[in-house]
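Chemist: Residue numbers (my numbering): 444 to 612.
We treat Cβ as the ideally placed atom computed from N, Cα and C, and that holds for glycine.
And the structure:
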């Protein structure tokens with residue numbers, strides 16, 4: 444009788460160690476509670492949560508892959524399709540829309556030559572519409588790569604941000 448090979452792990456040992464730290468925050472029988480953190484860690488490492496990454500996270504947490512996919516596809520901070528090096532998520536919810544969030548999104552669409560959900564041909568920028576980022580008083584706001592909040596984004600500030608990101612690539 445031959446042994447079943449262990450599933451191929453897709454993340455680094457450091458990523459699994461970070462997931463283990465998140466899992467340790469919950470009771471032993473509730474590892475699945477760390478699914479959001481595990482997806483964020485996986486996405487940071489792989490740039491998006493592909494079906495194999497979702498399956499890997501599911502196996503690691505002892506969950507059905509569909510349950511992990513449901514989380515990944517529900518929250519807009521997870522990317523289930525490849526994105527550009529810089530994901531720009533513009534808040535267009537009502538408070539931001541009333542304070543030029545929609546105009547900021549339209550300006551970026553025009554400047555980048557793409558629509559929401561698209562990536563520039565050079566793979567540098569992906570533009571997304573965001574749900575509320577909780578910074579209504581700073582509108583218009585956008586989030587770069589789920590990590591950096593940018594506030595009061597006038598056309599001039601958007602131009603400066605794009606130039607900065609292009610220079611950093």
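Taking the alpha-carbon of residue 502 as reference, which of 528, 459 and 598 has the nearest alpha-carbon?
Modeler: It is 459.
Chemist: If you reduce the DSSP assignment to three classes, tell me which class residue 587 lands in.
Modeler: In the structure shown, residue 587 sits in a strand (DSSP, three-state: E or B).
Chemist: Taking the DSSP output, what are the residues bridged to residue 571?
Modeler: DSSP output for residue 571 lists 532 as bridge partner(s).
Chemist: Compare the beta carbon distance of residue 562 and residue 526 with 9 Å and say whether it is the shorter of the two.
Modeler: A contact, by the Cβ cut-off of 9 Å.
Chemist: Name the two residues that bound the continuous alpha helix (DSSP H) containing residue 510.
Modeler: Start and end: 508 to 517.
Chemist: Checking the sheet assignment: what are the DSSP bridge partners for residue 593?
Modeler: In DSSP, residue 593 forms a bridge with 585.
Chemist: List the residues that DSSP assigns as beta-bridge partners of residue 561.
Modeler: Paired residue(s): 570.
Chemist: Shortest alpha-carbon distance to residue 537 belongs to which of 550, 565, 578 and 554?
Modeler: Selected option, being the one with the closest Cα: 578.
Chemist: Look at the alpha carbon of residue 454 and the alpha carbon of residue 592, and state the distance between them as a whole number of angstroms.
Modeler: C-alpha separation (whole angstroms): 27 Å.
Chemist: If you follow the alpha helix (DSSP H) that residue 609 is part of, which residue opens it and which one closes it?
Modeler: Looking at the DSSP string, the run of the alpha helix (DSSP H) that includes residue 609 is 598 to 611.
Chemist: Determine the direct distance from the alpha carbon of residue 483 to that of residue 468, and round the result to whole angstroms.
Modeler: Approximately 16 Å, taken between the alpha carbons.
Chemist: Since residue 601 contacts residue 550 with CB under 8 Å, what's their CB separation in whole angstroms?
Modeler: Right, their Cβ atoms sit about 6 Å apart.
Chemist: Considering only their Cβ atoms, is the gap separating residue 589 from residue 422 smaller than 9 Å?
Modeler: Because the chain here runs from 444 to 612, residue 422 falls outside it and cannot be looked at.
Chemist: Check residue 521 in the structure and name its three-state DSSP category.
Modeler: Correct three-state label for residue 521: coil.
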